[in-house]
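Have a look at the structure below before the remarks.
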Amino acid sequence: MSSEIPDKRSAIDKAMDVLNAFGDQAYTGIGVTEIARRTGLPKSTAFRVLASLQSNGAVERVGDHYRLGKMIQDLANTDESDFQQTLRDVLTPFLADLYSRTKQTVHLAVLDGKDVVYLNKLYGHMHVRSPSRIGGRVPAYCTAVGKVLLAHDSQAIEEVLTQPLRAWTPNTIVDPESFRAELAQVRAENLAYDRAEILRTLNCVAAPILDRNRRPVAALSVSGPVGRFIPQNHATMLRQVCFEATRALAATMNAQERSASRSTQ
Numbered sequence: 001m002s003s004e005i006p007d008k009r010s011a012i013d014k015a016m017d018v019l020n021a022f023g024d025q026a027y028t029g030i031g032v033t034e035i036a037r038r039t040g041l042p043k044s045t046a047f048r049v050l051a052s053l054q055s056n057g058a059v060e061r062v063g064d065h066y067r068l069g070k071m072i073q074d075l076a077n078t079d080e081s082d083f084q085q086t087l088r089d090v091l092t093p094f095l096a097d098l099y100s101r102t103k104q105t106v107h108l109a110v111l112d113g114k115d116v117v118y119l120n121k122l123y124g125h126m127h128v129r130s131p132s133r134i135g136g137r138v139p140a141y142c143t144a145v146g147k148v149l150l151a152h153d154s155q156a157i158e159e160v161l162t163q164p165l166r167a168w169t170p171n172t173i174v175d176p177e178s179f180r181a182e183l184a185q186v187r188a189e190n191l192a193y194d195r196a197e198i199l200r201t202l203n204c205v206a207a208p209i210l211d212r213n214r215r216p217v218a219a220l221s222v223s224g225p226v227g228r229f230i231p232q233n234h235a236t237m238l239r240q241v242c243f244e245a246t247r248a249l250a251a252t253m254n255a256q257e258r259s260a261s262r263s264t265q
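The opening residue of the sequence shown carries number 1 in full-length UniProt numbering; numbering runs sequentially from there.
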């Protein structure tokens, strides 16, 4: 006679346990074996629950990992601001330029508190698992786009450092003084790197797009798989595209101001 205790959790209970099991890895994703371990479900059951959640948009599969899907992440996101819409509309053509020049995965992102939010993304030819998705957010301190935006925002830096920095990989910079030194280098070069800091398999380089006061308001990045993608090779071209994007954004903001001024006269 089997001594195994029947699992009396309902289907909804099991689904909620699976969603809660993601924890800090909601954006980067975890495998079905680890989900089964965290929930106490048989691996076959965990796989069936994940398949059901995936079909409803609550989780998404990236390679052999799962992460929270668009439906769940959208519940936590506030509505996109008018300014973010303007940034996406004006800067997406430059994201497309960046893609056409590199054929790598490229991102357009903004800083929101301690996280970066991805306004747009184009996938490159070299597939690599990535925590980024359009409309999604990830911690700023361990991403290239996040570091290049944090570097010029002292208040955001202090907010990030109010709590210990989690080591997502062995390369994540978690020492506060080392992190400050990293950001000082970013400010000096107007360029930031993610050296496999959020995922062991991912490298990235990012540069800022500036407003008319020369403050970073968004960032573009190029990313690819460790071992096959060399971020430094794309630095000069990335700076050039961001310079062109900065000019276009300034022209748009000037035109919007002139239009608003005429409408009030």
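The C-beta atom is built at its ideal place from N, Cα and C for all residues, glycine as well.
Is the beta carbon of residue i less than 8 Å from the beta carbon of residue j?
i           : j           : result
residue 192 : residue 203 : no
residue 205 : residue 222 : yes
residue 160 : residue 143 : no
residue 30  : residue 66  : yes
Where do the N-terminal and C-terminal ends of the alpha helix (DSSP H) with residue i fall, by residue?
i           : result
residue 165 : Careful: residue 165 lies outside any alpha helix (DSSP H) and carries neither H nor E.
residue 99  : 82-102
residue 146 : 144-150
What's the gap between the Cα of residue i and the Cα of residue j?
i           : j           : result
residue 46  : residue 54  : 12 Å
residue 52  : residue 250 : 46 Å
residue 91  : residue 245 : 6 Å
residue 134 : residue 118 : 5 Å
residue 148 : residue 190 : 7 Å
residue 37  : residue 17  : 11 Å
residue 21  : residue 162 : 25 Å
residue 175 : residue 88  : 34 Å
residue 254 : residue 93  : 19 Å
residue 248 : residue 259 : 17 Å
Would you mind reading off the limits of the beta strand (DSSP E) that contains residue i?
i           : result
residue 61  : 59-62
residue 121 : 115-122
residue 105 : 105-112
Any beta-carbon of chain D closer than 8 Å to the one on residue i?
i          : result
residue 21 : Chain labels in this structure do not include chain D; a single protein chain is all it has.
Evaluate residue i with the Cβ neighbour count: other Cβ atoms within 10 Å of its Cβ, from every protein chain shown; 16 or more gives buried, anything less gives exposed.
i           : result
residue 123 : exposed
residue 224 : buried
residue 33  : exposed
residue 146 : buried
Please tell me whether, using a cut-off of 7 Å, the distance from the CB of residue i to the nearest non-hydrogen atom of the ligand PLP is below it.
i           : result
residue 181 : The ligand PLP is not part of this structure, which contains no ligands at all.
So, do the region 232-239 and the region 111-121 have three or more beta carbon pairs nearer to each other than 8 Å? no
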